[in-house]
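Asker: Each residue of the sequence shown is one higher than the one before, counting from 1 in the UniProt record's numbering.
Note that beta-carbon positions come from the ideal geometry of N, C-alpha and C, so glycine has one too.
I am attaching a structure below and will ask some questions about it afterwards.
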Amino acid sequence: MTKLSIINNASIKIKDVNRIYIDANGNLVEALRNINLAIRAGEFISFIGPSGCGKTTLMRLIAGLDKPESGELFIDNKKINNTSFERGYVFQQANLFPWETIENNIAAGLKARKIYKENRDKIHEYIKLTGLEGFENSYPHQVSGGMAQRASLARALINDPKVLLLDEPLGALDAFTRMDLQDKLVELWQKRGTTMILVTHDVDEAIYLSNRVVIMTPRPGKIEAIADINLKRPRNRTDLEFTELKKEILKKLHFAGEH
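Next comes the structure, spelled out in structure tokens:
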């Protein structure tokens with residue numbers, strides 16, 4: 001694995017976490033059961049499993065957007081009780097402000113924190129880092145879905161988060177754009193060393209990006225297995241090691257689905 005140049009990252013501990021909620025029909029739903037996991041500082045880790053297995057619920061708990069019924073979550077040994085700019089969140093849809101330019105969307109977090117003036121020089125750095133040069137003055141409706149997601153990444157990264165939470169950010173993109181942004185994510189991770197946590201349904205994507213892949217069961221979501229990804233980078237989706245690892249993870253997913 002390429003050596004990380006660690007700048008700003010964090011370790012996360014999830015201890016005995018359970019999450020239950022009431023759905024729109026008034027039914028009691030057990031989303032997560034007894035989740036225990038340690039995520040290393042500077043790690044790229046993916047959660048994979050069937051729809052409804054609690055992957056996004058777990059991401060929301062790490063982000064501080066939700067709270068567990070029982071159990072605790074920690075970042076650098078500090079309990080997570082609420083949201084923080086230390087945890088950036090990138091959603092499946094870019095969720096850019098349609099009335100703002102790409103540049104102003106990227107700067108939104110700095111303005112919200114009232115640190116825009118002293119950090120405005122960083123904006124071009126992140127525009128360049130995410131390959132958005134030439135699109136600074138465009139509006140979201142004028143750029144492709146891939147470019148919009150690049151802007152969403154830049155908006156999250158400009159706040160120097162210790163953790164970047166990626167909730168299926170590439171799921172709605174075409175295959176070519178998706179692979180291009182996968183490479184960009186790897187590049188950003190290697191340059192910055194930010195702890196990255198990805199939710200995905202795509203086994204190839206999880207293997208291509210991650211140090212470890214966490215396989216979850218159908219609801220109630222439990223951790224069925226954790227696969228270590230020890231492939232050298234850059235990774236080749238068609239080589240034998242990659243395809244054998246994919247077969248192994250698919251088997252574990254199938255087994256998890258039978259529980």
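In whole angstroms, what is the alpha-carbon distance linking residue 3 and residue 186?
Answerer: Within the sequence shown, the letter at position 3 stands for residue 3. Within the sequence shown, the letter at position 186 stands for residue 186. With a pLDDT of only 34 at residue 3, under the threshold of 50, the placement of this residue in the model should not be trusted; the figure read from the coordinates follows. Taking the straight line from one Cα to the other gives about 12 angstroms.
Asker: Measure the alpha-carbon distance for residue 183 versus residue 208 and round it to whole angstroms.
Answerer: Taking the sequence shown and counting its residues from 1, one reaches residue 183 at position 183. Taking the sequence shown and counting its residues from 1, one reaches residue 208 at position 208. In a straight line, the C-alpha of residue 183 is about 9 angstroms away from that of residue 208.
Asker: Looking only at its chain, what residues have a beta carbon closer than 7 angstroms to the beta carbon of residue 118, apart from the 5 residues adjacent to it on each side?
Answerer: As a first step, residue 118 must be located in the sequence shown, where it is residue number 118. Correct list: empty, nothing qualifies.
Asker: Do residue 157 and residue 59 have their CB atoms nearer than 8 angstroms?
Answerer: Counting from one through the sequence shown, the residue named residue 157 turns up at place 157. Counting from one through the sequence shown, the residue named residue 59 turns up at place 59. No, Cβ-Cβ distance for residue 157 and residue 59 is not below 8 angstroms.
Asker: Taking C-beta to C-beta, are residue 123 and residue 106 nearer than 8 angstroms?
Answerer: Position 123 of the sequence shown, counted from the start, is the residue given in the question as residue 123. Position 106 of the sequence shown, counted from the start, is the residue given in the question as residue 106. For residue 123 and residue 106, yes; Cβs fall inside 8 angstroms.
Asker: Please state the DSSP three-state secondary structure of residue 242.
Answerer: Your numbering for residue 242 matches position 242 in the sequence shown. The answer is helix: DSSP assigns residue 242 an H, G or I state.
Asker: Given residue 210, which residues of its chain have a CB within under 8 angstroms of its CB, disregarding the five upstream and five downstream residues?
Answerer: Translated into the one-based positions of the sequence shown, residue 210 becomes position 210. Closer than 8 angstroms at the Cβ level, and outside the excluded window around residue 210, lie 44, 45, 46, 198, 229.
Asker: With distance defined between alpha-carbon atoms, name the residue in 69, 147, 233, 189 nearest to residue 176.
Answerer: Here residue 176 is taken as the residue at index 176 of the sequence shown, counted from 1. Looking from the CA of residue 176, the closest CA among 69, 147, 233, 189 belongs to 147.
Asker: Pick helix, strand or coil for residue 116, following the three-state DSSP scheme.
Answerer: Within the sequence shown, residue 116 is the residue found at index 116, counting from 1. Three-state result, residue 116: helix.
Asker: Taking the C-alpha atoms as reference points, what is the distance between residue 12 and residue 66?
Answerer: Position 12 of the sequence shown, counted from the first residue, corresponds to residue 12. Position 66 of the sequence shown, counted from the first residue, corresponds to residue 66. Roughly 16 angstroms separates the two Cα atoms.
Asker: Would you call the CB atoms of residue 216 and residue 55 closer than 8 angstroms?
Answerer: The residue given as residue 216 occupies position 216 in the sequence shown. The residue given as residue 55 occupies position 55 in the sequence shown. It is a contact, given that the beta carbons lie within the stated cut-off.
Asker: Give me whichever residues DSSP pairs with residue 212 in a beta bridge.
Answerer: Here residue 212 is taken as the residue at index 212 of the sequence shown, counted from 1. Its beta-bridge partners are 45, 228.
Asker: Pull the bridge partners of residue 22 from the DSSP assignment, please.
Answerer: For the purposes of this step, residue 22 is identified with residue 22 of the sequence shown, where counting begins at 1. For residue 22, which the question treats as bridged, DSSP gives the partners 28.
Asker: Could you spell out the range, first to last residue, of the alpha helix (DSSP H) harbouring residue 186?
Answerer: Along the sequence shown, one-based indexing puts residue 186 at 186. Its alpha helix (DSSP H) spans residues 175-192.
Asker: To the nearest angstrom, how far is it from the Cα of residue 129 to the Cα of residue 149?
Answerer: Working through the sequence shown from its first residue, we reach residue 129 at position 129. Working through the sequence shown from its first residue, we reach residue 149 at position 149. Straight-line Cα distance between these residues: approximately 13 angstroms.
Asker: Assuming residue 87 is part of the beta strand (DSSP E), what are its boundary residues?
Answerer: Here residue 87 refers to the residue found at position 87 when the sequence shown is read from its first residue. Its beta strand (DSSP E) spans residues 87-90.
Asker: Report, in whole angstroms, the separation of the C-beta atoms of residue 23 and residue 29, which I expect to be a contact under 8 angstroms.
Answerer: As a working mapping, residue 23 is identified with position 23 in the sequence shown. As a working mapping, residue 29 is identified with position 29 in the sequence shown. So it is a contact: roughly 5 angstroms between Cβ atoms.
Asker: If you draw a straight line from the alpha carbon of residue 265 to that of residue 68, how long is it in whole angstroms?
Answerer: Because the chain spans 1 through 259 in this model, residue 265 falls outside it and cannot be assessed.
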